[in-house]
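What follows is a set of notes on a single structure, which appears directly below.
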Amino acid sequence: MARDPWAYREVAVESVPDPRSGRLMIRPMAGQAYATSMKVQCSRRLFDPTLYPPGTRFLISAKLTDRQGGPPFLYAYHGDPVVVLSAAEAERFLDEYRRRRI
């Protein structure tokens, strides 16, 4: 079955250390429709600190989903290309996101 392109939208995410385990985790950046505490399921490459240090920002194509009535989370297909955002690019994306919401 093919992916439904209408279910996916661009989301800016960042890698941050998990306070409990110390390992990297991916979370949505502030200023979007998603809480920064929301889980993100994506490619393991984004979690690799040898490839991308903590604080790296990414642009992913993700959809909001849940697993059999569980808490909602963002899902990004693991085969999508990795798009790294600079601080300026991330700020531009978030500014554009805010403009589209109004």
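Sequential numbering of the sequence shown, starting at 3, is according to this note's numbering.
We treat Cβ as the ideally placed atom computed from N, Cα and C, and that holds for glycine.
Through-space distance from residue j to residue i, alpha-carbon basis
i: Leu76; j: Ala37; result: 11 Å
i: Trp8; j: Arg94; result: 23 Å
i: Leu87; j: Glu12; result: 12 Å
i: Leu53; j: Gln70; result: 33 Å
Own chain partners of residue i with C-beta closer than 6 Å, once the 5 adjacent residues on each side are dropped
i: Ala35; result: none
Option nearest residue i by Cα separation, candidates the options
i: Ser45; options: Leu26, Gly33 and Ser39; result: Leu26
i: Thr58; options: Arg11, Gly81 and Met31; result: Met31
i: Tyr79; options: Glu16, Leu48 and Asp97; result: Leu48
Own chain residues within Cβ distance below 7 Å of residue i, not counting five before or after
i: Arg100; result: Gly33
i: Asp97; result: none
Paired residues, beta bridge with residue i - DSSP
i: Val42; result: Leu76
i: Ala35; result: None; Ala35 has no bridge partner.
i: Val85; result: According to DSSP, Val85 bridges with nothing at all.
i: Thr67; result: Phe75
i: Pro19; result: Leu26
i: Phe60; result: Val15 and Val86
Chain-order list of residues whose beta-carbon lies under 8 Å from that of residue i (same chain, five-residue window excluded)
i: Asp82; result: Ser45, Ile62 and Ser63
i: Pro74; result: Met40, Leu66, Thr67 and Asp68
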